[in-house]
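Remarks on the structure that follows.
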Amino acid sequence: MYRTISAIQDALRSGKSALDIVEEHLSAIAANQHLNAFLEVFEQTAKEQAIRVDEKIKNGTAGKLAGVIVGIKDNICYKGHKVSAASKILSGFESIYTATVLQRLLDEDAIVIGRLNCDEFAMGSSNENSAFGPVLNNWNNQYVPGGSSGGSAVAVAAQLCTVSLGSDTGGSVRQPASWTGTIGLKPTYGRLSRYGLIAYASSFDQIGFFTNDLKDNQLLLEITAGHDQYDATSSSVPVRNRSTFSDKLKIGILSECLTHPGLDQQIKDKLIQTLDHLKSAGHQIIEMSFPYLEYMVPAYYVLTTAEASSNLARFDGVHYGYRSSSAKGVEETYTKSRSEGFGLEVQRRIMTGTFVLSQGYYDAYYTKAQQVRRMLKDHTSNLLKSCDVLLMPTTPTTAFELNAVKDPIQMYLQDIFTVHANLTGNPAISIPFGVHSNGLPFGVQLMAQDLEEDLLFYASTKIQEIL
Ligand code: GLN
């Protein structure tokens with residue numbers, strides 16, 4: 005199959021049509037249905053798009069992504085296609101416009117092959133919260149792929165599409181990338197338009213990319229970044245692609261991450277060994293302290309549930325999708341539709357968010373968490389003044405078995421190393437780092453100063469060289 009964009013381009017050059025490539029992918033998807041990565045395959049529209057792309061290739065007018073097969077997380081809108089956020093509450097709902105990021109890929113002649121399973125409203129770390137069943141990890145079907153963009157990760161890992169879109173509010177691109185051996189980028193907050201991404205926690209949400217190749221990831225960012233009139237938070241600062249980086253990097257490591265008691269011994273050994281290799285290759289390793297690790301997950305869950313409780317108020321049984329058939333009157337339409345339409349984890353988040361915002365508790369929780377967020381941002385910016393990138397594990401462990409983690413707090417702690425970049429808005433990437441003796445992959449994470457994604461890609465290349 006096709007691991008990378010250049011593999012697609014080679015195939016086109018050697019005489020294959022975009023339609024052939026679509027058909028090969030449709031067969032691969034059908035043969036891998038057991039993974040439950042796709043909620044819907046857009047067979048008809050993908051073929052139609054392929055025929056248009058083949059025409060353009062003939063005319064010499066094809067875009068940079070001609071024939072590239074894209075999968076989209078089921079919280080990204082694609083006009084005329086269903087979107088459900090893997091929730092019952094949106095059943096039957098069809099997008100009436102296309103997300104800006106997706107539109108920019110389509111404008112370069114990408115082909116959208118289908119929508120990908122995820123945790124309901126992107127809330128989860130294992131993809132077990134989908135109303136349509138869990139996604140299975142393609143490395144070992146007894147294991148979860150990570151979440152919430154589990155379908156997006158597995159689809160790229162199993163080569164059911166060339167690249168995919170996910171969303172990352174607290175790690176939902178990087179964590180499943182780590183657990184499926186793929187590359188996952190969370191751009192700087194504001195780098196990409198959120199228009200057409202179903203909101204979970206708006207001040208954290210960012211669309212991100214899964215690829216098998218660093219260059220592909222960088223290309224997707226270049227194509228999709230840029231101001232969008234429909235998202236006031238989107239940045240107009242151009243994506244840089246500097247060629248002036250010094251050959252030797254200053255790599256910051258946070259000692260609290262490295263000595264974290266939850267960190268798997270093999271992941272830790274691999275980190276230490278890699279740091280030694282980086283040092284011998286002439287890079288500078290700077291050990292730093294960041295004694296706030298245990299505030300991250302609590303601050304994240306106070307703030308994101310608060311925002312979610314507001315964002316999800318629109319799903320009321322009237323405006324969108326599902327409406328309870330047994331409800332009588334307005335009040336009951338709201339309460340029954342929401343109780344029947346939302347899954348348990350989403351309900352837990354809405355209730356937590358409503359609680360932290362309620363009069364009497366607001367200052368103790370919401371205001372406090374905002375202060376913590378400010379402090380984390382200031383400290384992180386300071387650390388990044390004395391190094392190029394911060395290097396840390398993406399995840400404390402490899403993937404766990406399906407149904408193995410039942411305690412929600414235990415599940416939330418999976419995000420210990422990833423929520424940092426969402427709290428502070430910094431760009432971060434997870435790249436494949438190794439394979440554990442249990443046969444499962446794990447990633448390593450890099451974080452950079454705001455809008456310095458090009459530095460992330462550069463540093464990732466340097467680490468790949470060492471590996
Ligand atoms: N696991 C985190 C959560 O459930 C992150 C989710 C995400 O990034 N969308 O909130």
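With positions in the sequence shown counted from 1, the corresponding number in our numbering is that position plus 4. Ideal Cβ positions, reconstructed from N, Cα and C, are used throughout, including at glycine.
Between which residues of its own chain and residue i is the CB-CB distance below 6 Å, once the five residues before and five after are set aside?
i, result
"residue 294", "258 and 260"
"residue 401", "268"
"residue 520", "Given a span of 5 to 471 for the chain in the structure shown, any question on residue 520 remains unanswerable."
"residue 455", "192 and 241"
"residue 478", "Lying before the first or after the last residue shown, residue 478 is absent from the chain, which here runs from 5 to 471."
Note down, in chain order, each residue of its chain lying with its Cβ closer than 8 Å to the Cβ of residue i, except the 5 sequence neighbours on either side.
i, result
"residue 201", "79, 80, 81, 103, 105, 171, 209 and 211"
"residue 459", "246, 249, 392, 393, 452 and 453"
"residue 127", "133, 152, 204, 312, 349, 350 and 353"
"residue 287", "252, 253, 254, 255 and 466"
"residue 390", "254, 256, 290 and 292"
"residue 412", "349 and 352"
"residue 66", "57, 60 and 113"
Consider the C-beta atom of residue i and the heavy atoms of the ligand GLN; say whether any pair is separated by less than 7 Å.
i, result
"residue 174", "yes"
"residue 35", "no"
"residue 126", "yes"
"residue 58", "no"
"residue 111", "no"
"residue 204", "yes"
"residue 419", "yes"
"residue 10", "no"
"residue 385", "no"
"residue 134", "no"
"residue 151", "yes"
"residue 362", "no"
"residue 129", "yes"
"residue 171", "yes"
Pick out whichever of the options has its Cα sitting closest to the Cα of residue i.
i, options, result
"residue 28", "67, 72 and 127", "72"
"residue 153", "117, 455 and 190", "190"
"residue 285", "36, 322 and 471", "471"
"residue 291", "126, 316 and 254", "254"
"residue 243", "282, 461, 313 and 7", "461"
"residue 74", "245, 17, 143 and 158", "158"
"residue 271", "235, 216, 446 and 51", "446"
"residue 230", "204, 214 and 194", "194"
"residue 22", "42, 11 and 58", "58"
"residue 358", "413, 342, 317 and 382", "317"
"residue 51", "26, 36 and 197", "26"
"residue 136", "345, 355, 431 and 180", "345"
"residue 421", "438, 403, 428 and 398", "398"
"residue 407", "30, 315, 147 and 6", "147"
"residue 53", "63, 42, 43 and 70", "70"
"residue 304", "24, 91, 414 and 377", "377"
"residue 424", "173, 444, 12 and 20", "173"
"residue 342", "319, 160 and 441", "319"
"residue 76", "13, 177 and 7", "177"
"residue 429", "415, 385, 417 and 403", "385"
"residue 90", "442, 55, 131 and 83", "131"
Under 7 Å: does the beta carbon of residue i sit that close to some heavy atom of the ligand ZN?
i, result
"residue 308", "Because the ligand ZN does not appear in the structure shown, any question about it cannot be addressed here, the ligands present being the ligand GLN."
What are the partner residues of residue i, as DSSP defines its beta bridges?
i, result
"residue 291", "257"
"residue 447", "436"
"residue 74", "116 and 167"
"residue 397", "448"
"residue 187", "215"
"residue 252", "Answer is none; residue 252 lacks a bridge partner."
"residue 86", "98"
"residue 42", "120"
"residue 405", "147"
For residue i, which of helix, strand or coil comes out of DSSP?
i, result
"residue 132", "coil"
"residue 436", "strand"
"residue 168", "strand"
"residue 125", "helix"
"residue 454", "coil"
"residue 307", "helix"
"residue 235", "strand"
"residue 177", "coil"
"residue 147", "strand"
"residue 201", "strand"
"residue 271", "helix"
"residue 420", "coil"
Excluding sequence positions up to five away, which residues of its chain have a Cβ less than 7 Å from the Cβ of residue i?
i, result
"residue 46", "85, 116, 117 and 118"
"residue 340", "328, 330 and 331"
"residue 39", "139, 140, 142, 158 and 162"
"residue 463", "253, 392, 393 and 450"
"residue 361", "310, 313 and 370"
"residue 337", "321, 322, 327, 328 and 331"
"residue 373", "303, 306 and 307"
Does residue i get closer than 8 Å to chain C when you measure Cβ to Cβ?
i, result
"residue 347", "The structure shown contains no chain C; it is built from a single protein chain."
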